[in-house]
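Accompanying notes for the structure given below.
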Amino acid sequence: MVSAVFEKSSLPTALRPKQPPPAQETPPTLDELLDEGTWIAWRDMALQPQDVTDLYTDEQTRAEFIAGARLLRLDAPGKFVKPHQLVIADMINAGKETNGVLVPRRSSKTTSIAAVALGRCQLREDYQAALTLTTTAAKTSERFTADIFGPIERAYPDPTTRPVRVFKGKGSERLEWANGSRFYALTPNGDAFRSSAYDFVVVDESGEATVEQGEDLNGAIYPTFDTRPGAQVVFAGTAGDYRDGLLLWDALHNPDAGRLAYRFPDDLTEDELAAWEPSDEHPYARVRELVETSHPGVHSGLTTLETVRKRFGTLKAESFTREYGGVFGSIGEGRGVINAQRWAESGRSLDPVVPERFAMAVVPAFTQGSASIVAAWRDEQGRAHGYVLDHRRGTTWLADAAASKARQHNLPIVYDSASSTMRLEVEQMNRMSPRPRLEPQTTANVTTAAALLVREVNNGNAIHYKQPPMDDASKAAVRRSVGASAWALGRPPKNMDADISALEAWAMALRYYDDNPVREHVGPIMGN
Numbered sequence: 289m290v291s292a293v294f295e296k297s298s299l300p301t302a303l304r305p306k307q308p309p310p311a312q313e314t315p316p317t318l319d320e321l322l323d324e325g326t327w328i329a330w331r332d333m334a335l336q337p338q339d340v341t342d343l344y345t346d347e348q349t350r351a352e353f354i355a356g357a358r359l360l361r362l363d364a365p366g367k368f369v370k371p372h373q374l375v376i377a378d379m380i381n382a383g384k385e386t387n388g389v390l391v392p393r394r395s396s397k398t399t400s401i402a403a404v405a406l407g408r409c410q411l412r413e414d415y416q417a418a419l420t421l422t423t424t425a426a427k428t429s430e431r432f433t434a435d436i437f438g439p440i441e442r443a444y445p446d447p448t449t450r451p452v453r454v455f456k457g458k459g460s461e462r463l464e465w466a467n468g469s470r471f472y473a474l475t476p477n478g479d480a481f482r483s484s485a486y487d488f489v490v491v492d493e494s495g496e497a498t499v500e501q502g503e504d505l506n507g508a509i510y511p512t513f514d515t516r517p518g519a520q521v522v523f524a525g526t527a528g529d530y531r532d533g534l535l536l537w538d539a540l541h542n543p544d545a546g547r548l549a550y551r552f553p554d555d556l557t558e559d560e561l562a563a564w565e566p567s568d569e570h571p572y573a574r575v576r577e578l579v580e581t582s583h584p585g586v587h588s589g590l591t592t593l594e595t596v597r598k599r600f601g602t603l604k605a606e607s608f609t610r611e612y613g614g615v616f617g618s619i620g621e622g623r624g625v626i627n628a629q630r631w632a633e634s635g636r637s638l639d640p641v642v643p644e645r646f647a648m649a650v651v652p653a654f655t656q657g658s659a660s661i662v663a664a665w666r667d668e669q670g671r672a673h674g675y676v677l678d679h680r681r682g683t684t685w686l687a688d689a690a691a692s693k694a695r696q697h698n699l700p701i702v703y704d705s706a707s708s709t710m711r712l713e714v715e716q717m718n719r720m721s722p723r724p725r726l727e728p729q730t731t732a733n734v735t736t737a738a739a740l741l742v743r744e745v746n747n748g749n750a751i752h753y754k755q756p757p758m759d760d761a762s763k764a765a766v767r768r769s770v771g772a773s774a775w776a777l778g779r780p781p782k783n784m785d786a787d788i789s790a791l792e793a794w795a796m797a798l799r800y801y802d803d804n805p806v807r808e809h810v811g812p813i814m815g816n
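The number in our numbering is simply the position in the sequence shown, starting from 1, with 288 added.
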């Protein structure tokens, strides 16, 4: 039976409902979790992941997880299985060959996956499992000893009554069961897996792997499944500092994989990450809110908000958002920023009737090979519309055309004040009589605008009109780092001549439109 209690959501994190924390409920015992109704009810108490594929539970998978949980002493005094651990288990139990698990620090990720592996080994004959960490062989041995050997030996201090044999030889750490099942600790390279057969492989800290290491492990692990029907690999960890070719990133973006991700939105602005909570100095800051809505360890009591707050104060922004927010870095990459499917769905073939109220932005391409004038507005449903009013080669036409449209519609001209290619156009417009009204945008305005537009498009809340300058820009635009933790729209490194001016103009115009609503004039109240 498939029980998908969560569906992948396109809602911004802040708009998702918050479940009550499990501390408000009496935790079920391991024996009670054998009951399907109890299991699902407790699983439903978990903080909702930002991305999760189907969940599956049956009598066998519950019994296996509980057997593994007993070995790991999750029923020790003061301990209990956390609801999100059941979500992790049931995502894996849906049976996909490849699985990605992205969970912030201090959320019992490894313990949850290990419980699945140990329980399967204990209750299935000849089940072969392995764990490796992509960091170092020493770390794999250390984790296996502390997180797996340690609890088992404390739960069963007498080796003669222990249900599994423990082998601690350096480089040959493993567990063996009388039914022929084994669970190995392996070094993080392909040679450790070759010429073997496995049913379940856990590649932990897979967000730390190099591209070369990932290729080596993939090339070795998947062939070990060829004679083991139903075999699985789980790539688990926190976000890495790059994306393309990274084991964890690829697993989380594989449409055929099982996926579970607790993470911040990928399009955060520098303002949102500027402080733990909003203040007069940082009115848009919301790190605390982001942690509360995406950290299952905080939600379930494994760690505290105060602890994470201290880490926020200690770590650099990039490190904090990777380790605690699940936001992957983009070192060395030019990654498309617009979801192609969402873009196609949002296109309209007919030209729009531009409303009386809209905002207008102008952007010359970086190379000055072309320029765009774009209108932005929202309809009654709140959808963001973007329409190219003018786009031509070169830039000598831009100032006159922009000024003419500004006068025609009584609008200001929105532009990026940091753009060197816009400087000549501004100087020319400042010499005009009458001079058009200019609205220069700061770097913070530009980065906020980029995040706003990308969020609206990728969440299906935008409309465009199938114009070549806009369509071409949507395919080419990537994230361009600005400062420590912000980004703007940029050109791909392999195509620096790409014209993304239409998309940049739409973003700036939309932000300006949203931030400058029409204010109704209220006259004086006249008494009798």
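Backbone N, C-alpha and C define an ideal beta-carbon position, used for all residues, glycine too.
These figures come from a predicted structure and were not determined experimentally.
With a threshold of 8 angstroms on Cβ separation, who are the neighbours of residue i within its own chain once the five nearest residues in sequence on each side are excluded?
i, result
"ARG723", "MET717"
"LYS458", "SER429"
"ALA405", "GLY356, ALA417, LEU419, PHE471, PHE488 and VAL490"
Here's the rule I'm using: 16 or more other beta-carbon atoms within 10 Å means buried, otherwise exposed. How should residue i be labelled?
i, result
"PRO643", "exposed"
"GLN348", "exposed"
"ASN804", "exposed"
"ALA311", "Summary for ALA311: the model assigns pLDDT 48, below 50, so the residue's position carries little reliability, and this model does not support an answer."
"PHE455", "exposed"
"GLY622", "Caution applies to GLY622, whose pLDDT of 48 falls short of 50 and renders its modelled position unreliable; the model cannot decide the point."
"GLN729", "buried"
"TRP685", "exposed"
"ALA628", "exposed"
"TYR801", "buried"
"VAL499", "exposed"
"THR515", "exposed"
"MET379", "buried"
"MET710", "buried"
"ASN783", "exposed"
"PRO543", "exposed"
"VAL734", "buried"
"LYS604", "exposed"
"ARG645", "exposed"
In the DSSP assignment, find the unbroken alpha helix (DSSP H) run with residue i in it and report its ends.
i, result
"PRO439", "438–443"
"PRO757", "756–764"
"ALA750", "Unbroken run through ALA750 is the beta strand (DSSP E), 750–752; no alpha helix (DSSP H)."
"GLU633", "628–633"
"ASN477", "Note, ASN477: premise wrong, no alpha helix (DSSP H); not H, not E."
"LEU359", "347–359"
"ASP492", "No alpha helix (DSSP H) holds ASP492; the beta strand (DSSP E) holding it covers 488–492."
Kindly indicate the opening and closing residues of the beta strand (DSSP E) around residue i.
i, result
"TYR472", "470–473"
"GLY507", "Run containing GLY507: none in the beta strand (DSSP E); it sits in the alpha helix (DSSP H), 499–509."
"GLY778", "774–778"
"PRO371", "Counting along the chain, PRO371 falls outside any beta strand (DSSP E), though it belongs to the alpha helix (DSSP H) covering 371–381."
"GLN338", "Run containing GLN338: none; DSSP gives neither H nor E here."
"GLY388", "386–390"
"PHE523", "520–525"
"THR420", "416–421"
"LEU463", "462–464"
"MET648", "647–652"
"VAL454", "453–455"
Since residue i and residue j should fall inside the 8 angstroms C-beta cutoff, what is the C-beta to C-beta distance between them, to a whole number of angstroms?
i, j, result
"GLY527", "VAL615", "For the sequence presented, residue 527 should be read as Ala rather than Gly. ALA527 to VAL615, Cβ: 6 angstroms. Contact."
"THR512", "PHE481", "6 angstroms"
"ARG431", "THR398", "7 angstroms"
"ILE701", "ARG680", "17 angstroms between Cβ atoms; not a contact."
"VAL676", "SER660", "6 angstroms"
"ILE376", "ILE401", "7 angstroms"
"GLU611", "ARG393", "5 angstroms"
"VAL522", "VAL389", "6 angstroms"
"LEU362", "TRP330", "At roughly 13 angstroms, the Cβ-Cβ gap does not stay under 8 angstroms, so LEU362 and TRP330 are not in contact."
"ALA545", "THR345", "Not a contact, Cβ separation roughly 19 angstroms."
Given residue i, which residues of its chain have a CB within under 7 angstroms of its CB, disregarding the five upstream and five downstream residues?
i, result
"LEU791", "MET758, ALA761, SER762, ALA765 and LEU777"
"ALA797", "ALA647, MET648, ALA649, VAL662, ALA663, ALA664 and VAL702"
"GLU565", "ALA573 and ARG576"
"ARG799", "ASN733, THR736, ALA737 and LEU740"
Using a Cβ-Cβ cut-off of 6 angstroms (strictly less than) and excluding sequence neighbours within five positions of residue i, which residues of its own chain qualify?
i, result
"ALA795", "ALA737, ALA738 and LEU741"
"ALA689", "ASP678"
"PRO309", "With a pLDDT of only 48 at PRO309, under the threshold of 50, the placement of this residue in the model should not be trusted; the figure read from the coordinates follows. The residues are HIS587."
"GLY407", "GLU352, PHE353, ALA355 and GLY356"
"ALA539", "THR386, GLY388, PHE523 and ALA545"
Give a yes or no on whether 7 angstroms exceeds the smallest Cβ distance from residue i to chain C.
i, result
"ALA653", "Of the protein chains in this structure there is only one, and it is not chain C."
Got a sec: does the ligand NAD put a non-hydrogen atom nearer than 6 angstroms to the Cβ of residue i?
i, result
"GLU441", "This structure lacks the ligand NAD; in fact it carries no ligand of any kind."
Taking the runs of the beta strand (DSSP E) that are 3 residues or longer, which of them lie wholly in the stretch 532–617?
546–549
Whole beta strand (DSSP E) elements within the stretch 657–725, 3-residue minimum
658–666, 672–681 and 701–704
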